[in-house]
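So the structure is just underneath, and the comments pick up after that.
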Amino acid sequence: VSKYDIVKLIVPNFKPAKDVGTAFAPTNIALIKYWGKRNQELNLPMTSSLSISLADHGAHTAVSLSDADTIQLNGDVVDASSAFAKRLIQFLNLFRGPGVCFNIAIQSNVPIAAGLASSACGFASIVKALNDLYQWDLNAKSLSILARLGSGSACRSLWDGFVLWHAGVLDNGMDSYGEVLEEQWPDLRVGLLLIDTQEKSIGSRAAMQRTVDTSILYRAWPQKVSHDMPLLRQAISCKNFQIMGEIAESNALAMHATMLSASPSICYTTPETLMAMQKIWRLRAQGLSVYYTQDAGPNLKLLFLQKDHDTVIAEFNDAVIINPFSG
Ligand code: DP6
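Quick note: the sequence shown uses our numbering, first residue 109, plus one each step.
This is how it looks when you write it as structure tokens:
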């Protein structure tokens, strides 16, 4: 099954209905991580995952018809030979009629490639913008499946709030998509701790494949997710912040443990990351309810409640604080 087969199943036509399609998609942070694929062509995951979307932090994208494919990121033209442009153009190839070229303008307010899930909101916003350009009128579930073809985590960026990505079991992945949870948690805060915004040494795509192929600990990962998922869902439904924080932190640590045991080893944690982790653990020992999660990069995302906002800001004064339910 190829990506093209899936697009054919979902998309009704390639007839642009307007000059420009626009959309916004939020970025999302996984509390239970997606790490490892059962199908690399379709980005089908080994396990389900669960994320929180970051409200107005994400990507605004405009797709218009053009004489040649061009991409702008935050106002700058992206070199067509860059890995970023190639990946985007390959994705756009799925969605064009003969002779059609696109101009894509992405405005993102999350640091690109710093492990802040910028590809997630990028691909989700492109799919939504194409849905607008072609006036397909697809539902969020279909858009989620299309976004997954660009980047797995993008299938969770179609909604605000908590989103569960069902791993699914079908070979064609038609049962692997995001679903928004009904729970709202207005007191929940996410703090972005930017430790290093440079390009990462190895991208999450290659890193997760190397982990699946070589890590002795990877076989425990599906078990870890099966253990964590019901506990996190329970914590969300009864708003038990301590359990949510413990599960999210422990799940991220377990994911990084699978990477450390890959060959060659993958380590996104820098001395600065580790210092921040130890500070969080120290603050917790002193009674402050703050937890973290970490993705494929050195930055941490703090999890805490509104009542501790001032204390957290005093300790981490350059953290970017986001209220996921502010919309
Ligand atoms: C660590 O979605 O970027 O952020 O499907 O290969 O594009 P591809 O991978 P991607 O991986 C995200 C990994 C993660 C965890 C998560 O977001 O669940």
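For each residue, glycine too, the CB sits at the ideal point set by N, CA and C.
Q: With a threshold of 7 Å, establish whether the CB of Y326 neighbours any heavy atom of the ligand DP6.
A: In the sequence shown, residue 326 corresponds to position 218, counting from 1. Relative to the non-hydrogen atoms of the ligand DP6, the Cβ of Y326 never comes closer than 7 Å to any of them.
Q. Do the region 109-126 and the region 327-340 make contact, defined as three or more Cβ pairs closer than 8 Å?
A. Contact between the region 109-126 and the region 327-340 is absent, with fewer than three C-beta pairs closer than 8 Å.
Q) Do the CB positions of T248 and W267 come within less than 8 Å of each other? A) Start at 1 with the first residue of the sequence shown, and residue 248 comes out as number 140. Start at 1 with the first residue of the sequence shown, and residue 267 comes out as number 159. Looking at the sequence itself, residue 248 is Ala, so the reference to Thr does not match. Taking 8 Å as the cut-off, the Cβ atoms of A248 and W267 count as close.
**Q.** Cβ-Cβ distance between G230 and A131 below 8 Å
**A.** Start at 1 with the first residue of the sequence shown, and residue 230 comes out as number 122. Start at 1 with the first residue of the sequence shown, and residue 131 comes out as number 23. The Cβ-Cβ distance between G230 and A131 does not fall below 8 Å.
Q) Are the region 183-199 and the region 350-370 in contact at 8 Å, needing three or more beta carbon pairs? A) Segments in contact, no.
**Q.** S259 versus N211, D321, F192 and D175, residue with shortest Cα-Cα distance
**A.** Counted from its first residue, the sequence shown places residue 259 at position 151. Ranked by Cα distance from S259, the options N211, D321, F192 and D175 are led by F192.
**Q.** Residue interval of the beta strand (DSSP E) (run including Y399)
**A.** For the purposes of this step, residue 399 is identified with residue 291 of the sequence shown, where counting begins at 1. Following the DSSP letters along the chain, one finds Y399 inside the beta strand (DSSP E) bounded by residues Y399 to Q402.
(Q) As a quick exercise: from D177, M383 and N121, pick the residue whose alpha carbon is nearest that of R195. (A) To locate residue 195, count along the sequence shown from 1; it is residue 87. Nearest to R195 by alpha-carbon distance, out of D177, M383 and N121, is D177.
Q: Please say whether K409 and G299 have beta carbons closer to each other than 8 Å?
A: The sequence position of residue 299 within the sequence shown is 191, counting from 1. The sequence position of residue 409 within the sequence shown is 301, counting from 1. Result yes, Cβ atoms of G299 and K409 sit closer than 8 Å.
Q.
I need the straight-line Cα distance from P432 to D164, nearest angstrom please.
A. Within the sequence shown, residue 432 is the residue found at index 324, counting from 1. Within the sequence shown, residue 164 is the residue found at index 56, counting from 1. When rounded, the distance between both Cα atoms is 8 Å.
Q: Say yes only if the C-beta of G260 is nearer than 7 Å to one or more non-hydrogen atoms of the ligand DP6, and no if none qualify.
A: Looking up residue 260 in the sequence shown gives position 152. Between the ligand DP6 and G260, a heavy atom-to-CB distance of less than 7 Å is present.
Q. So who's on the other strand from D184, going by DSSP bridges?
A. Within the sequence shown, the letter at position 76 stands for residue 184. DSSP lists L181 as the bridge partner or partners of D184.
Q) If we ignore side chains and look at the alpha-carbon of each, how far apart do G223 and L391 end up? A) The sequence position of residue 223 within the sequence shown is 115, counting from 1. The sequence position of residue 391 within the sequence shown is 283, counting from 1. Summary for G223: the model assigns pLDDT 47, below 50, so the residue's position carries little reliability, and this model does not support an answer.
Q.
If the criterion is Cβ atoms closer than 8 Å, does the pair G286 and L272 meet it?
A. Start at 1 with the first residue of the sequence shown, and residue 286 comes out as number 178. Start at 1 with the first residue of the sequence shown, and residue 272 comes out as number 164. Taking 8 Å as the Cβ cut-off, G286 and L272 qualify as a contacting pair.
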